[in-house]
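Undergrad:
There are 2 protein chains.
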Amino acid sequence: MAVTIKDVAKKANVAPSTVSRVISDSPKISEKTKRKVRKVMEEMGYHINLNARVLVQQSSKTIGIVMKNSTSESLNSSFLPEVVQGISALCRKHDYSISLITGDSEDDIYKDAVQKVRGKRVDGMIILYSKEDDKVVPYLMESGIPFVVLGKPVAGFNKITFVDNDNIHAAREATEYLINLGHEKIAFIGDDSEYEVAKARFEGFNQAMISNGLAIHESYIKFFRFNPEYGKKATRELINLEDRPTAIVITDDLDALIVLSAIRDMDLRIPDDISIISFNNSVISRIASPPLTSVDIQIYELGYESARCLIEEIKEPSKVKKSVIIPTVIEERESCKPVNQTKYKHY
Amino acid sequence: MAVTIKDVAKKANVAPSTVSRVISDSPKISEKTKRKVRKVMEEMGYHINLNARVLVQQSSKTIGIVMKNSTSESLNSSFLPEVVQGISALCRKHDYSISLITGDSEDDIYKDAVQKVRGKRVDGMIILYSKEDDKVVPYLMESGIPFVVLGKPVAGFNKITFVDNDNIHAAREATEYLINLGHEKIAFIGDDSEYEVAKARFEGFNQAMISNGLAIHESYIKFFRFNPEYGKKATRELINLEDRPTAIVITDDLDALIVLSAIRDMDLRIPDDISIISFNNSVISRIASPPLTSVDIQIYELGYESARCLIEEIKEPSKVKKSVIIPTVIEERESCKPVNQTKYKHY
DNA sequence: TCCCTTAACGCAAACGGATTCATATAGTTG
DNA sequence: CAACTATATGAATCCGTTTGCGTTAAGGGA
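As given, the protein sequences belong to chains A and B, one line each in that order. Residue numbers for the first sequence follow our numbering, beginning at -14 and rising by one. Residue numbers for the second sequence follow our numbering, beginning at -14 and rising by one.
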């Protein structure tokens, strides 16, 4: 059996409570006693039993991270490791542990989450997604446990703390980046998934086009996700259009990669013949050829901020739920170019 | 305050011990009593307090997952989400929770790991990497806590339980796959990182070449990692060689992507002019153009098996530490072709 | 010297269950 | 009907910490 606070107390000729206070560095204990006790702790190789502390403090000092289940999503880039790094950076500062909630199906995840909350294994939760028909968030609301959603909640904005990019704004900015380069015929390639982020980015594209007085052709809009066949087909359709777009906004680097090679197969060059801006600024965008100009959503910061919000909320729950927007930044690389620049040169 | 086992006992007119036995479905309790107690639990909305159980059972029912810190590594594909899915699948079956051990630096990770072990917050650990100069594994050995390493341990094979692919064999197989296609001039592109897997794959390549009586030209061997500039340069050097290789073994899909576009820039075609086989079978290999033949290392299974080993070890620690090898499978796509096949057709 | 304040520390009760051992009840056997 | 055996239940104890409150002793003021 490991050495307990009592063993230390006995050996140091003090009461267990004194040892406890030494551990928490209470000002009520004299420096002399502290030194004595710490010496004994050292000698005996004492280490606090966190579980016992958890029990009496009624707080597990643990936050749960709820992963999205969908495999296709999880395949996407390095979202999980980066966001976890961000979360853990803050957790370490406040001595919180991280518990992963996951499962093969949405129902598994839901059950796991409920179990953790009811079993008091977590003090709060971070939900790594936001989507319709989700059971976890409603449960958490009703349970009263602090939680923050990473992404824009489907409903109940002021009742839910959330951290997100302004995806509408980001997509608008990306689109306007192209517009400022002189592009007017801009296509959009997104995904029509159930996740909020997909919708927001499409919305942002539309806003930018409209507020700049540009037409949105239906034939310029394509939806697919991580599907090379569809992707190539969609790209070909786009390129073969009589009035071919001069630039494309693509909501994910991976999809951009598909488009990229499809375009090259058609003997067009990027960015000379067509400009591309994509999202997420993953390794892919650095490695692609040419390297892709991509919107960095700052995943680490998303994680870090959501942890900050959560821990704040745990320490003093407030009725007003806030939201934090992490700015996105356009990482300029080599996939965009002013429209018709080469032509001008010839004049 | 939440309803406890005592509240339930009082309301049901039984002793707390009886309620406890009902929870664990002990055969010593009559069905009638069980029904009665369960009904009361239901009515009162009782849920077990896992923390209390943890304390008295002297087991946290939690396993720790130690991530690798290096950002460049974590950027790599979808290793983390997939391995976590595998681990969690088994954990759920045995009612284990997952605690993530991570940090911005190796030292942070080490400290976190020690804290978790000494504080008895975990019953065992899974280490997601294997590398030299690591402090975590030695500490775990000395602490006596059950753990399993994912990857081949640097030392102490029979003292450490580990789960791994046979990376030497996998690389040999990949190389022989090309050899069987008639290739003799085979290049190797790997990384010279500190991780064991990198060394093993290079070793496997060498073995295959040697045992098939093929020459290994120094100029056919290149090392880089996720670096487009180096990658392109290395590829150009390879292609511009007087006696150009007809096939390349590349130890990571991402690197293969770099090579792929460099080759296309030089107006060569894959697989017609040069065959490529890579590793990890990530989304990239499906999305690349052409889709890459890639060695699937079965990440989910790696996670699942390591969890199985760990939980076994927790339940009954044994002196003999075993190792489990997860088979790799070559996922055939369109980046490999028999050498000179087109030529033959012309005869 | 006596009283009062205050610093320093100890006591014991939680925290919410699991476990153990003793006891009670019902049923069986000779 | 006594003796005995299963089976079911109760009460006490423990797990390792924290914490509110009480105690002790030292020190200062009058």
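Cβ atoms here follow ideal geometry from the backbone N, Cα and C, with glycine treated the same way.
Suppose you measure from the CA of B/Val99 to the CA of A/Ala(-3); what does that come to, to the nearest Å?
TA: 25 Å
Undergrad: Report the neighbours of A/Leu106 on chain B: residues whose CB is nearer than 8 Å to its CB, in chain order.
TA: For clarity, residue 106 of chain A is Arg in the given sequence; the question names Leu instead. Neighbours of A/Arg106 on chain B, chain order: Leu35, Asn36 and Ser82.
Undergrad: Are the CB atoms of A/Ser115 and A/Val134 nearer to each other than 7 Å?
TA: yes
Undergrad: If we call anything under 7 Å between Cβ atoms a contact, is B/Ser45 one with B/Val121?
TA: no
Undergrad: So B/Leu166 packs on B/Cys321, CB below 8 Å; how close in whole Å?
TA: 6 Å
Undergrad: Going straight from the alpha carbon of A/Phe211 to that of A/Ile174, what length do you get?
TA: 12 Å
Undergrad: Between the Cα of A/Ser279 and the Cα atoms of A/Ser270, A/Glu286 and A/Arg157, which residue gives the shortest distance?
TA: When A/Ser270, A/Glu286 and A/Arg157 are compared, the shortest CA-CA separation from A/Ser279 is found for A/Ser270.
Undergrad: Quick check on A/Ala74 - is its C-beta less than 7 Å from some C-beta in chain B?
TA: yes
Undergrad: May I have the straight-line CA-CA distance separating B/Ala140 from B/Phe147, to the nearest angstrom?
TA: 11 Å
Undergrad: Under the DSSP definition of a beta bridge, which residues are partnered with B/Phe173?
TA: Answer is B/Ile206 and B/Val234.
Undergrad: Can you tell me whether B/Asn(-2) is helix, strand or coil according to DSSP?
TA: coil
Undergrad: Quick check for students: name the residue ranges of the beta strand (DSSP E) that lie wholly in the region 290 to 317 of chain B, counting only runs of 3 or more.
TA: Correct list: 308 to 311 and 314 to 316.
Undergrad: Express the C-alpha separation of B/Ile262 and A/Ala159 in angstroms, rounding to a whole number.
TA: 36 Å
Undergrad: If you measure from the beta carbon of B/Arg356 to each beta carbon in chain A, is any gap under 7 Å?
TA: There is no way to answer for residue 356 of chain B, as the model of chain B reaches only from -14 to 332.
Undergrad: Is there at least one Cβ from chain B nearer than 7 Å to A/His79's Cβ?
TA: no
Undergrad: Leaving out five residues before and five after B/Ile130 in sequence, what residues of the same chain have Cβ atoms less than 7 Å from its Cβ?
TA: Val102, Gly109 and Met110
Undergrad: Using beta carbons (cut-off 7 Å, strictly below), is A/Ile299 in contact with chain B?
TA: Chain B, which has no Cβ nearer than 7 Å to the Cβ of A/Ile299, makes this no.
Undergrad: Quick check for students: name the residue ranges of the alpha helix (DSSP H) that lie wholly in the region 237 to 285 of chain A, counting only runs of 4 or more.
TA: 238 to 250 and 268 to 272
Undergrad: According to DSSP, is B/Ile128 part of a helix, a strand, or is it coil?
TA: The question names Ile, but residue 128 of chain B in the sequence shown is Ser. Helix.
Undergrad: Have a look at A/His331 and A/Ser260 and give me their C-alpha separation to the nearest angstrom.
TA: Note that A/His331 has pLDDT 39, beneath the 50 cutoff, so the model's placement of it is unreliable and no number is given.
Undergrad: Check the Cβ-Cβ distances between B/Ile243 and every residue of chain A, and say whether any is below 7 Å.
TA: yes
Undergrad: Does DSSP classify B/Asp151 as helix, strand or coil?
TA: Here B/Asp151 sits in coil by DSSP.
Undergrad: Any C-beta of chain A sitting closer than 7 Å to the C-beta of B/Glu319?
TA: no
Undergrad: When you check each C-beta in the region 123 to 155 of chain B against every C-beta of chain A, which residues fall closer than 7 Å?
TA: none
Undergrad: For chain B, is any of its Cβ atoms less than 7 Å away from the one on A/Asp228?
TA: no
Undergrad: Just to make sure I have the definition right: I need the residues of chain A whose C-beta is within less than 7 Å of the C-beta of B/Leu239. Which are they?
TA: Val268 and Ile272
Undergrad: So, at 7 Å on beta carbons, what are the nonlocal neighbours of A/Pro66 in its own chain, with the 5 sequence-adjacent residues on each side left out?
TA: none
Undergrad: Regarding A/Val234 and the ligand ATP, is the C-beta to nearest heavy atom distance less than 6 Å?
TA: This structure lacks the ligand ATP; in fact it carries no ligand of any kind.
Undergrad: Find the nearest neighbour of A/Gly349 within the set A/Val305, A/Ser303, A/Val314 and A/Leu295, judged by alpha-carbon distance.
TA: For chain A, the structure presents residues -14 to 332; residue 349 of chain A sits outside this window and is missing.
Undergrad: Residues in the same chain with beta-carbon distance under 8 Å from A/Val314, minus the five sequence neighbours each way, listed in chain order, please.
TA: Val280, Asp281 and Gln283
Undergrad: With distances taken from CA atoms, which of A/Ile243, A/Glu297 and A/Asn265 is nearest B/Pro338?
TA: Outside the modelled stretch of chain B, which goes from -14 to 332, sits residue 338 of chain B, for which no answer is possible.
Undergrad: Looking only at its own chain, which residues have a Cβ that is under 6 Å from the Cβ of A/Thr(-11), when we skip the five neighbours before and after it?
TA: Answer for A/Thr(-11): no residue qualifies.
Undergrad: Establish whether the CB of B/Leu223 and some CB of chain A are separated by less than 7 Å.
TA: no
Undergrad: So, for A/Ser63: in the same chain, excluding its five sequence neighbours on each side, which residues have a beta-carbon less than 6 Å away from its beta-carbon?
TA: none
Undergrad: With 7 Å as the threshold, decide whether the Cβ of B/Val39 is near any Cβ in chain A.
TA: yes
Undergrad: Given a threshold of 16 other Cβ atoms within 10 Å of its Cβ, counted over all protein chains shown, does B/Ser57 qualify as buried or as exposed?
TA: Note on B/Ser57: pLDDT 49, under 50, position unreliable in the model; no value is reported.
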